[in-house]
Amino acid sequence: MLNAPGLIPKQVKQNLHPEKQTTTNVNWKIEDRFHCGGYAKINSELESFLSSWKTDSEIPIEAVYTGKLFWGLRSLIEQGAIEKGSEVIAIHSGGKLSGCYLEHSYVGCCKIYIFLEMV
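Residue 7 is where the sequence shown starts when you use the numbering used here, and the numbers rise one by one after that.
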């Protein structure tokens with residue numbers, strides 16, 4: 007949520023069953039930095055990413071939802087926030103590819119499992 011950074015991860019933690027909060031070893035994070043300043047907004051970094059994506063991938067994406075997801079993933083990999091060779095699960099709730107599952111080797115270094123669901 008643009009006006010409440012950190013709110014969604016906080017709500018997820020509050021709603022996890024207490025036994026799951028203490029026994030899980032899963033390293034998870036909800037990333038909310040790749041919104042480009044608002045809904046349906048695009049910046050030059052995202053435009054550049056979308057241009058290179060069209061050249062490098064057969065998966066069709068649009069800028070507003072799916073493009074921001076893949077741009078965020080690539081940025082996190084390049085920044086080292088996602089370790090090379092990691093397996094990542096990305097859950098996406100909108101965009102052109104809703105209702106399907108993709109497994110995509112991304113940037114040649116990480117295996118990304120992407121669940122695209124319309125909620």
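Using N, Cα and C, we set each Cβ at its ideal position, and we do this for glycine too.
Please read these numbers as outputs of a predicted model, since none were measured by experiment.
Given residue i as reference, the closest of the options once Cα atoms are compared
i	options	result
PHE76	HIS41, ALA10, ILE14	HIS41
LYS74	ASN21, PRO11, ILE14, ARG39	ARG39
THR4	ALA10, ALA46, LYS16	In the structure as shown, the chain begins at 7 and stops at 125. Residue 4 is therefore absent and cannot be evaluated.
GLY44	ALA10, ILE88, VAL94	ALA10
LEU52	SER81, ASP62, SER63	SER81
Cβ pair residue i, residue j closer than 9 Å
i	j	result
ILE65	ILE36	no
LEU79	ALA69	no
TRP59	ILE48	no
ILE83	LYS90	yes
Three-way DSSP call (helix, strand, coil) for residue i in this model
i	result
ARG39	coil
GLU89	coil
ILE83	helix
ALA46	coil
LEU13	helix
LEU22	coil
SER63	coil
VAL113	Any reading at VAL113 must be qualified, since the residue scores a pLDDT of 49, below 50, and its modelled position is unreliable; the value itself is stated next. The answer is coil: DSSP assigns VAL113 none of H, G, I, E or B.
GLU51	helix
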